[in-house]
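Residues 255 to 523 (my numbering) make up the sequence shown, in order.
This report concerns only the one structure given below.
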Amino acid sequence: LTALIKSDLGLSNTVMGSLTSIPMLVFALVSAAAPLLSKRVGLGKSISLSLILVFAGEMIRSFTTTSGVFIGTAILCAGIGIENVLLISVVKQWYPDTPEPMTSAYSTTMSVSSAISIAISVSLAQDLGLGWRGALAVWSFFAVMAFLMWMPEAGSEAMKPAENRGGANVMGALLRSPRTWILTVFFGTQSMLFYSMNAWGPTILQHKGYTIAQSTAAMTFLQLVSLPITFLGPLLARRFTARRMLVILSAIYLIGGCMFYFAVDPVFT
255 LTALIKSDLG LSNTVMGSLT SIPMLVFALV SAAAPLLSKR VGLGKSISLS
305 LILVFAGEMI RSFTTTSGVF IGTAILCAGI GIENVLLISV VKQWYPDTPE
355 PMTSAYSTTM SVSSAISIAI SVSLAQDLGL GWRGALAVWS FFAVMAFLMW
405 MPEAGSEAMK PAENRGGANV MGALLRSPRT WILTVFFGTQ SMLFYSMNAW
455 GPTILQHKGY TIAQSTAAMT FLQLVSLPIT FLGPLLARRF TARRMLVILS
505 AIYLIGGCMF YFAVDPVFT
């Protein structure tokens, strides 16, 4: 929906770029704070708060002024950032004996949901006449559903604050480790590439001659083709070293990215 938002609000490429950069910046800030929040109020309340932020942010960015789009996006991403960090802890807590397959199922579910949202958002905006604001607001419904389904679990004993287990000492040791910073740079760069592709991939394709519908189909395909490795990745980690897997997957990512950016002729007809 980037092109529709940019046109309707009269934003320049630079301003639109700053809007699409908000998720990465907010995720970075919130990811560091999420464990502290969980330690203070517990997983139950933390995730409840995150769902409230998702709903509120979606409403603000969908039904307010241009500045509200930026503010709402930041609030929305704060909620998502909290969930990104803490839901893995919930999965491991609920399924301590089978964390790998359940993590695979969790990751695959997110990828499928993302593919569906990409596939139908333009249709919601154009074919159903909701506009980009309505097409975004639709997704707040799922935040409400998730909140209602989460509430019975939120107050359980397992979701309350955990005892202090020397978290500050562990964090200090991590920050002093060179490997921590190497991994930080690696995963930070990977995230930057991923979110840049998601935000600007359709626009790049449209500049190459694709229609909005074709670029949407291409990005949906990008999500779907990742499903096998999303599902199998945690399971393959049992058989192969993480270092070998990262080298192979990074090489594939580099080749695919070059083909995407340097391709000339549209492949869809």
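We put the beta carbon where it would ideally sit given N, CA and C, even for glycine.
Notebook entry, point to check: Among the residues of its own chain, which have a CB less than 8 Å from the CB of I483, if the five just before and after it don't count?
Noted result: L503
Check: In whole angstroms, what is the alpha-carbon distance linking W348 and P406?
Finding: 15 Å
Next item on the list: Using the Cα positions of C512 and L263, report the straight-line distance between them to the nearest angstrom.
Entry: 32 Å
Checklist line | Same chain, Cβ closer than 7 Å to E337, neighbours up to 5 away in sequence not counted | finding: I301, S304
Check: So, V308 versus G333, is the Cβ gap smaller than 9 Å?
Finding: yes
Note to self: Distance check for S410 and F522, CA to CA, integer angstroms please.
What the structure shows: At F522, the pLDDT of 48 sits below 50, so the modelled position is not reliable; the number obtained from the coordinates is stated separately. Between F522 and S410, the C-alpha separation is close to 51 Å.
Note to self: Among L378, L341, L384, whose alpha-carbon lies nearest the alpha-carbon of M364?
What the structure shows: L341
Notebook entry, point to check: To the nearest angstrom, how far is it from the Cα of D351 to the Cα of A359?
Noted result: 15 Å
Checklist line | P432 (DSSP reduced to helix, strand or coil) | finding: helix
Checklist line | Pairwise C-alpha distance: T470 and T320 | finding: 24 Å
Notebook entry, point to check: Looking only at its own chain, which residues have a Cβ that is under 7 Å from the Cβ of G434, when we skip the five neighbours before and after it?
Noted result: The displayed chain sequence assigns Thr, not Gly, to residue 434. Cβ neighbours of T434 beyond the five flanking positions: L428.
Item checked: Opening and closing residue of the alpha helix (DSSP H) in which D262 lies -> 256-263
Next item on the list: Put L508 into one of helix, strand or coil per three-state DSSP.
Entry: helix
Check: Under a Cβ-count criterion, where at least 16 other Cβ atoms within 10 Å of its own Cβ denotes burial, should I506 be classed as buried or exposed?
Finding: exposed
Next item on the list: Under the assumption that L273 contacts F317 (Cβ atoms under 8 Å), give the Cβ distance between them as a whole number of angstroms.
Entry: Their Cβ separation, rounded to whole angstroms, is 17 Å, which puts L273 and F317 out of contact at 8 Å.
Item checked: Cα-Cα separation between F448 and R498, rounded to whole angstroms -> 21 Å
Next item on the list: Using 10 angstroms around the beta-carbon of A472, count the other beta-carbons present and answer buried if the total reaches 16, otherwise exposed.
Entry: buried
Margin query: Which residue marks the beginning of the alpha helix (DSSP H) containing L273, and which one marks its end?
Written below: 267-317
Next item on the list: Find out if the Cβ-Cβ distance for the pair T256, A453 is shorter than 9 Å.
Entry: yes
Notebook entry, point to check: From what residue to what residue does the alpha helix (DSSP H) around K346 run?
Noted result: 320-348
Note to self: Taking the beta carbon of R493 as the centre, do at least 16 other beta carbons fall within 10 Å, making it buried, or is it exposed?
What the structure shows: exposed
Next item on the list: Could you tell me how far apart the beta carbons of V339 and S285 are, in whole angstroms, since I believe they sit closer than 8 Å?
Entry: 5 Å
Notebook entry, point to check: Going by other Cβ atoms of all chains shown within 10 Å of its Cβ, with 16 needed for buried, is G335 buried or exposed?
Noted result: buried
Next item on the list: From the DSSP output, in three-state form, read off D351 for me.
Entry: coil
Next item on the list: Rounded to whole angstroms, what's the CA-CA distance from L330 to G311? Just pull it up for me.
Entry: 4 Å
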